[in-house]
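Now the structure itself:
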């Protein structure tokens with residue numbers, strides 16, 4: 059694909075929201091929210107801010123985040139990634155438990171420490187910043203009756219405690235839900251960058267500054283400094299930015315956005331994604347230059363062959379409710395998927411985030427077992443093709459409603475197929491559920507993609523592709539994902 063204006067092309071696509079960034083030397087590091095998925099908090103590395111490679115995941119052990127302990131749209135929210143005194147720090151919130159959780163590592167690829175639990179400043183979207191004498195400031199979005207606000211306290215990370223009672227440092231510009239704070243010392247000012255308006259179509263980025271890290275903060279006279287609300291831009295809901303300086307002294311910002319498609323009101327299916335903008339400085343205020351970078355969408359296609367007894371080692375693989383070691387085991391004949399459910403009701407399955415608007419996924423399985431290939435928003439909104447008693451069944455589940463179709467299997471092996479294709483109606487896409495066996499390829503269902511969108515399912519998530527077993531252990535020999543954008 060040819061290069062396009064950067065505000066239209068995500069640097070990390072497909073359900074990678076709430077980006078946070080830092081630079082060490084010539085390398086940039088990026089992290090995201092992961093909600094109920096395990097392992098949690100995907101980490102990325104880049105040399106140029108444009109091309110990113112997944113480095114790993116920060117939360118890889120149950121001691122860091124318990125698989126299955128969180129329902130969809132809960133769990134791990136909005137981390138901040140920073141580097142200080144030779145150590146990487148990652149602070150986040152598990153909304154199903156109290157306090158803020160801080161992790162550290164000398165290498166961002168891991169291993170990361172068990173969490174340091176900081177109590178006394180309850181809320182979400184925590185941030186860490188240090189002043190010249192090494193004092194550390196914890197800033198987060200907190201709630202009071204009828205409102206949200208940005209609060210702060212000095213903290214001793216080594217002693218694992220706050221050093222003072224939290225104080226409110228800014229209530230934003232008057233828009234709802236001031237959140238996602240990031241605090242920076244740039245030049246002679248301390249800047250507080252926040253999101254406001256809610257993480258939907260009214261999302262914005264606002265900024266304030268002060269002479270001291272604890273304020274008082276004065277907002278930019280033309281806040282918000284960035285938004286796509288009420289515009290015809292193809293990327294909506296932009297917000298939750300984080301700043302980074304390049305080795306050359308220039309500045310950039312990562313932020314989240316979504317790509318709704320189809321007729322009004324538009325539906326987005328990949329969740330909130332990560333975008334890149336430039337930053338200029340005018341009168342000591344940041345100015346967003348949204349199309350400074352020219353970007354091309356990368357090819358996310360891959361083939362995972364499991365018939366050689368190899369465990370899937372790429373960091374893309376996640377589970378919505380179990381540790382990966384409990385999802386499957388590697389054998390020479392293929393990956394053996396375990397059946398059952400996690401504590402949070404998610405199926406025992408091996409998954410990855412959908413990265414593209416148009417794609418095909420294929421799974422090679424055995425006709426005598428019970429493997430399934432699912433595209434999922436949550437446990438009430440999904441579509442899958444699965445093997446069941448010598449037949450392949452296609453099923454769409456939307457809340458209490460369902461639609462099914464089935465075909466008899468010809469032969470001992472078959473391929474389960476899911477595709478996202480252009481919509482036949484007014485949706486963002488259609489989902490095709492099909493199989494391929496000795497009798498050839500047959501389509502079982504074609505369904506409106508609006509049923510598996512954030513607007514229909516609610517929450518903060520995007521589509522996850524998942525292979526699982528419905529009734530006893532089942533082999534997966536190969537899985538293929540093909541981007542078709």
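Numbering (the numbering used here), first residue to last: 59 to 543. Where a beta carbon is used, it is the ideal one built from N, C-alpha and C, also for glycine.
Below 8 Å on the Cβ atoms is my guess for residue 522 versus residue 412; work out the distance and round it to an integer in Å.
-> For the purposes of this step, residue 522 is taken as residue 464 along the chain shown, with counting starting at 1. For the purposes of this step, residue 412 is taken as residue 354 along the chain shown, with counting starting at 1. The Cβ separation is near 7 Å, so the contact holds.
Could you pull the start and end residues of the beta strand (DSSP E) that residue 207 belongs to?
-> Working through the chain shown from its first residue, we reach residue 207 at position 149. Where residue 207 is concerned, the enclosing beta strand (DSSP E) stretches over 205 to 214.
Nearest to residue 88 by alpha carbon, out of 130, 269, 300 and 252?
-> As a working note, residue 88 is residue 30 in the chain shown. The residue with the shortest Cα to Cα distance from residue 88 is 300.
Extent of the continuous alpha helix (DSSP H) to which residue 301 belongs = Working through the chain shown from its first residue, we reach residue 301 at position 243. Not the alpha helix (DSSP H): residue 301 falls in the beta strand (DSSP E), residues 294 to 303.
Determine the extent of the alpha helix (DSSP H) in which residue 385 is found, giving its start and end residues.
-> In the chain shown, counting from the first residue as 1, residue 385 sits at position 327. Element bounds for residue 385: 382 to 385.
Out of curiosity, what's the CA-to-CA distance linking residue 144 and residue 136?
-> Sequence index remark: in the chain shown, residue 144 carries index 86 (1-based). Sequence index remark: in the chain shown, residue 136 carries index 78 (1-based). Computed Cα separation, rounded: 23 Å.
Residue 513, enclosing beta strand (DSSP E) - first and last residue | Residue mapping note: residue 513 aligns to position 455 of the chain shown, counting from 1. Taken as a continuous stretch (DSSP letters only), residue 513 belongs to no beta strand (DSSP E), being part of the alpha helix (DSSP H) at 512 to 515.
Buried or exposed: which applies to residue 290, given that a residue is buried once 16 or more other Cβ atoms fall within 10 Å of its Cβ?
-> The residue given as residue 290 occupies position 232 in the chain shown. Exposed.
Check residue 416 in the structure and name its three-state DSSP category.
-> Taking the first residue of the chain shown as 1, we reach residue 416 at position 358. It is coil, neither helix nor strand.
From residue 360 to residue 539, what distance separates their C-alpha atoms?
-> Counting from 1 along the chain shown, the entry for residue 360 is found at position 302. Counting from 1 along the chain shown, the entry for residue 539 is found at position 481. The alpha-carbon atoms of residue 360 and residue 539 are separated by roughly 5 Å.
Separation of residue 246 from residue 516, as counted between CA atoms = Taking the first residue of the chain shown as 1, we reach residue 516 at position 458. Taking the first residue of the chain shown as 1, we reach residue 246 at position 188. Linking residue 516 to residue 246 through their CA atoms gives a straight-line distance of about 43 Å.
Looking at C-alpha atoms only, which residue of 497, 499 and 508 is the closest neighbour of residue 440?
-> The residue you call residue 440 lines up with position 382 of the chain shown. Considering only alpha carbons, the answer is 508.
Kindly indicate which three-state DSSP category residue 64 falls into: helix, strand or coil?
-> For this step, residue 64 is matched to residue 6 along the chain shown. In the three-state DSSP reduction, residue 64 falls in the helix class (H, G or I).
Neighbour-count burial assignment, residue 416, 16 or more Cβ in a 10 Å radius | Counting from 1 along the chain shown, the entry for residue 416 is found at position 358. When all chains shown are included, residue 416 counts as exposed.
Using only alpha-carbon positions, find the residue among 211, 373 and 122 that is nearest to residue 228.
-> Here residue 228 refers to the residue found at position 170 when the chain shown is read from its first residue. That would be 211, whose Cα lies nearest to the Cα of residue 228.
Pick helix, strand or coil for residue 177, following the three-state DSSP scheme.
-> Numbered from 1 along the chain shown, position 119 holds the residue referred to as residue 177. Three-state DSSP puts residue 177 in coil, outside helix and strand.
Secondary structure of residue 509, DSSP reduced to three states = What you label residue 509 is simply residue 451 of the chain shown in a count that begins at 1. Three-state result, residue 509: helix.
Which stretch, first to last residue, makes up the beta strand (DSSP E) that contains residue 86?
-> By one-based count along the chain shown, residue 86 stands at place 28. Counting along the chain, the beta strand (DSSP E) containing residue 86 begins and ends at 85 to 89.
Should the segment 279 to 296 be called in touch with the segment 255 to 266, which here means at least 3 C-beta pairs below 8 Å?
-> yes
Identify whether residue 252 lies in helix, strand or coil by the three-state DSSP scheme.
-> Residue mapping note: residue 252 aligns to position 194 of the chain shown, counting from 1. Assignment of residue 252 by DSSP, reduced to helix, strand and coil, places it in the strand class.
Please state whether DSSP places residue 504 in a helix, a strand or coil.
-> In the chain shown, the residue the question calls residue 504 occupies position 446. Three-state DSSP puts residue 504 in a strand.
So, helix, strand or coil for residue 150, using DSSP?
-> As a position in the chain shown, residue 150 is number 92, starting the count at 1. Looking at residue 150 - three-state DSSP - the assignment turns out to be strand.
Under the assumption that residue 532 contacts residue 429 (Cβ atoms under 8 Å), give the Cβ distance between them as a whole number of angstroms.
-> Residue mapping note: residue 532 aligns to position 474 of the chain shown, counting from 1. Residue mapping note: residue 429 aligns to position 371 of the chain shown, counting from 1. At roughly 4 Å, the Cβ-Cβ gap stays under 8 Å, so residue 532 and residue 429 are in contact.
To which residues of the same chain is residue 97 closer than 7 Å at the C-beta, ignoring the five residues directly before and after it?
-> Taking the chain shown and counting its residues from 1, one reaches residue 97 at position 39. The answer, listed in chain order, is 115, 117, 118 and 376.
For residue 369, is the classification buried or exposed, using 16 other Cβ atoms within 10 angstroms of its Cβ as the cut-off for buried?
-> Within the chain shown, numbered from 1, the residue matching residue 369 stands at position 311. Exposed, by the Cβ-count rule.
Between residue 403 and residue 437, is the Cβ-Cβ spacing less than 8 Å?
-> On the chain shown, position 345 is the one that residue 403 refers to. On the chain shown, position 379 is the one that residue 437 refers to. Between residue 403 and residue 437, the C-beta spacing is below 8 Å.
Flag this pair as yes or no: are the beta carbons of residue 150 and residue 99 separated by less than 8 Å?
-> In the chain shown, counting from the first residue as 1, residue 150 sits at position 92. In the chain shown, counting from the first residue as 1, residue 99 sits at position 41. Result yes, Cβ atoms of residue 150 and residue 99 sit closer than 8 Å.
CA-to-CA distance, residue 148 to residue 140, given in whole angstroms = As a working note, residue 140 is residue 82 in the chain shown. As a working note, residue 148 is residue 90 in the chain shown. Rounded to whole angstroms, residue 140 to residue 148 spans 7 Å at the Cα level.
Quick one: is residue 248 buried, meaning 16 or more other Cβ sit within 10 Å of its Cβ, or exposed?
-> Reading the chain shown from its first residue, position 190 is the one you call residue 248. Classification for residue 248: buried.
Span separating the alpha-carbon of residue 496 from that of residue 364 = Against the chain shown, residue 496 aligns to sequence position 438. Against the chain shown, residue 364 aligns to sequence position 306. Approximately 22 Å between the Cα atoms of the pair.
Output the boundary residues of the beta strand (DSSP E) element that contains residue 137.
-> Along the chain shown, read from residue 1 onward, the residue named residue 137 stands at position 79. Residues 134 to 142.
Could you tell me which of 313, 218 and 293 sits nearest to residue 263, measuring between CA atoms?
-> As a first step, residue 263 is located in the chain shown; it is residue number 205 there, counting from the start. If we check each option's Cα against that of residue 263, 313 comes out closest.
Could I get the ranges of all uninterrupted beta strand (DSSP E) runs contained in the segment 412 to 466, with 3 residues as the minimum, in chain order?
-> Here the runs fully enclosed are 417 to 424, 429 to 436, 439 to 446, 449 to 456 and 459 to 466.
Just the Cα atoms here: how many angstroms apart are residue 236 and residue 379?
-> Within the chain shown, the letter at position 178 stands for residue 236. Within the chain shown, the letter at position 321 stands for residue 379. Those two C-alpha atoms are separated by around 30 Å.
Can you give me the start and stop residues for the beta strand (DSSP E) that residue 339 sits inside?
-> As a working mapping, residue 339 is identified with position 281 in the chain shown. Run containing residue 339: 331 to 340, per the beta strand (DSSP E) assignment.
Opening and closing residue of the beta strand (DSSP E) in which residue 217 lies = Here residue 217 refers to the residue found at position 159 of the chain shown. No beta strand (DSSP E) holds residue 217; DSSP gives it neither H nor E.
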